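*Asks:* Sharing a structure below in structure tokens format, with a few things to ask.
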Amino acid sequence: MKIGILTFHCAHNYGAVLQAYALQHYLLSLGHDVEIIDYRPEYLLRPYRLNITWRRFFSKKPLKCVQKFFGELFCFLPVRCIRYSKFNRFIAHRLQLSRRVQGTHIPAGYDVYVVGSDQIWNPNITEGIDGVYFARFGFEKGRRKYVSYAASMEAVALSESDKARYSLLLRGLDSISVREKVLVDLLQPLTDKKIELVLDPTLLVDADVWNRLSLCPFPHRRYVLVYAVRGNDAILDMAGRMARQLGVGVLNLTAWVTEQRNKYQTASPEEFLGAIRHAELVLTTSFHGTVFSVLFNRPFYTVKLGAGNDSRSESLLEMLDLKQRMIPLTATDIHPDRSVDWEMVNGCLHEYRQKSRAFLQSALGSGE
């Protein structure tokens, strides 16, 4: 069976490329012919381009403008180039891509189209709803199958017009699954098809897949790893306190290149995995930071930011009976407790993994 995947594979974001890799890997393991359809909308490419933004150098003081320019040229830009190159190398060599799609002209040569995972239904990212991720293509549907796997969006209340639109869009999918329980509750009233709750693709494959892929960036260093998608001094303070109690250092791995120093900003996706795998403790605000801490059985805390940004991690931690590993940003009395019942967690994860695999196999009409 020939399967085409549509997801955020071209975003220079650790979670995005690794979930694309995982879904592809699992479908290949079932014996299918699998490609990631190389659809690269402008809204995904724009945030990661290497263009120099002249607004960054603006200042009322000419000397300050000159300092900013040379800082960009000799410090900031080289770091961005290294990171850009590493992500492009991963995308080109680790993912099996189709020919580059022109505009929204999705090719018609697949038996099954799988849309997802990642936040493909989040209109804040896709600059309005992108019909491609609801399998709205420019050809007759025919006898092909159209499946969403672990699709995600920010869990928000929908207006009546939004409900009508999503109801129409969901009709184009034969099988529907999402990544968060709150999203099941939000969308189920809009369709007569059952919406299944499944794991993110990174959890669909065994930890051995990630062990083989990971590279240890600092083999002789012991550290508390901070991976915060949104930088926050309170998280760094928390990490510093825990690191002192453990007698180790702090490694601050960033999701974006910033102008601030003393940050690990050039990690490849493989090195990102290695940084988590070899950490003494992980402190993260990221869903995928939480995911890989679980997969590598590394003690961790997920820091709750509030404002609706935590639903993905909350859903996962609730599934795995790990709600106690989510802590508030204002916590000052949390000690670096590294005692997690990983046997229980791994057993629970195995059950959900089997259910998620069963959904996908049923949607494809195949058995493992």
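Using our numbering, read the sequence shown as starting at 2 and increasing by one per residue. For glycine and all other residues, C-beta sits at the position ideal for the given N, C-alpha and C. Model, not experiment: these values are computed from the prediction.
Distance, Cα to Cα, R95 vs Y22?
*Replies:* Start at 1 with the first residue of the sequence shown, and residue 95 comes out as number 94. Start at 1 with the first residue of the sequence shown, and residue 22 comes out as number 21. Between R95 and Y22, the C-alpha separation is close to 7 Å.
*Asks:* Give me the residue from Y228, V249, L46 with the minimum Cα distance to S294.
*Replies:* Translated into positions along the sequence shown, residue 294 becomes position 293. Closest option to S294, Cα to Cα, is Y228.
*Asks:* State the CB to CB distance for the pair S178 and S160, rounded to an integer number of angstroms; the pair is presumed to be in contact (CB under 8 Å).
*Replies:* Locating residue 178 in the sequence shown gives position 177, where the first residue counts as 1. Locating residue 160 in the sequence shown gives position 159, where the first residue counts as 1. 24 Å between Cβ atoms; not a contact.
*Asks:* Check whether the segment 117-124 touches the segment 38-52, counting contact only when three or more Cβ pairs, one atom from each stretch, lie closer than 8 Å.
*Replies:* no
*Asks:* Indicate whether K356 and I328 have their beta-carbon atoms separated by less than 8 Å.
*Replies:* In the sequence shown, counting from the first residue as 1, residue 356 sits at position 355. In the sequence shown, counting from the first residue as 1, residue 328 sits at position 327. No; because the gap between Cβ atoms is not below 8 Å, this pair is not in contact.
*Asks:* Whose C-beta lies closer than 6 Å to the C-beta of D175 among residues of the same chain, with five residues either side of it excluded?
*Replies:* Within the sequence shown, residue 175 is the residue found at index 174, counting from 1. For D175, where only same-chain residues beyond five positions count, the Cβ hits under 6 Å are K146, Y147.
*Asks:* Could you tell me the distance, in whole angstroms, from the CA atom of S340 to the CA atom of T127?
*Replies:* Here the question's residue 340 lines up with position 339 in the sequence shown. Here the question's residue 127 lines up with position 126 in the sequence shown. Each residue's alpha carbon lies about 40 Å from the other.
*Asks:* How is Y147 classed by DSSP in three states: helix, strand or coil?
*Replies:* Within the sequence shown, residue 147 is the residue found at index 146, counting from 1. If DSSP states are grouped into helix, strand and coil, Y147 belongs with the strands.
*Asks:* Give me the residue from A12, G5, A364 with the minimum Cα distance to K194.
*Replies:* Within the sequence shown, the letter at position 193 stands for residue 194. When only C-alpha atoms are compared, the closest one is A364.
*Asks:* Quick one: Cα of V249 to Cα of A280, how far?
*Replies:* Against the sequence shown, residue 249 aligns to sequence position 248. Against the sequence shown, residue 280 aligns to sequence position 279. Between V249 and A280, the C-alpha separation is close to 10 Å.
*Asks:* Roughly how many angstroms separate the alpha carbons of V183 and S312, rounded to a whole number?
*Replies:* Walking along the sequence shown from the start, residue 183 turns up at place 182. Walking along the sequence shown from the start, residue 312 turns up at place 311. C-alpha separation (whole angstroms): 8 Å.
*Asks:* In or out: P202 buried (at least 16 other Cβ within 10 Å) or exposed?
*Replies:* Your numbering for residue 202 matches position 201 in the sequence shown. Label assigned to P202: buried.
*Asks:* Are A208 and F297 touching if we call contact CB-CB under 8 Å?
*Replies:* The residue given as residue 208 occupies position 207 in the sequence shown. The residue given as residue 297 occupies position 296 in the sequence shown. Result yes, Cβ atoms of A208 and F297 sit closer than 8 Å.
*Asks:* Starting from the C-beta of E36, find all residues in its chain whose C-beta is less than 6 Å away, skip the five residues before and the five after it, and write them out in chain order.
*Replies:* Stepping through the sequence shown from its first residue, residue 36 is reached at position 35. For E36, where only same-chain residues beyond five positions count, the Cβ hits under 6 Å are G5, Q97, S99.
*Asks:* Report buried or exposed for F140, applying the criterion of at least 16 other Cβ atoms within 10 angstroms of its Cβ.
*Replies:* Counting from 1 along the sequence shown, the entry for residue 140 is found at position 139. Per the 10 Å Cβ criterion, exposed.
*Asks:* Going straight from the alpha carbon of L191 to that of I130, what length do you get?
*Replies:* On the sequence shown, residue 191 is found 190 positions in, with the first residue counted as 1. On the sequence shown, residue 130 is found 129 positions in, with the first residue counted as 1. Spanning the two alpha carbons is a distance of roughly 16 Å.
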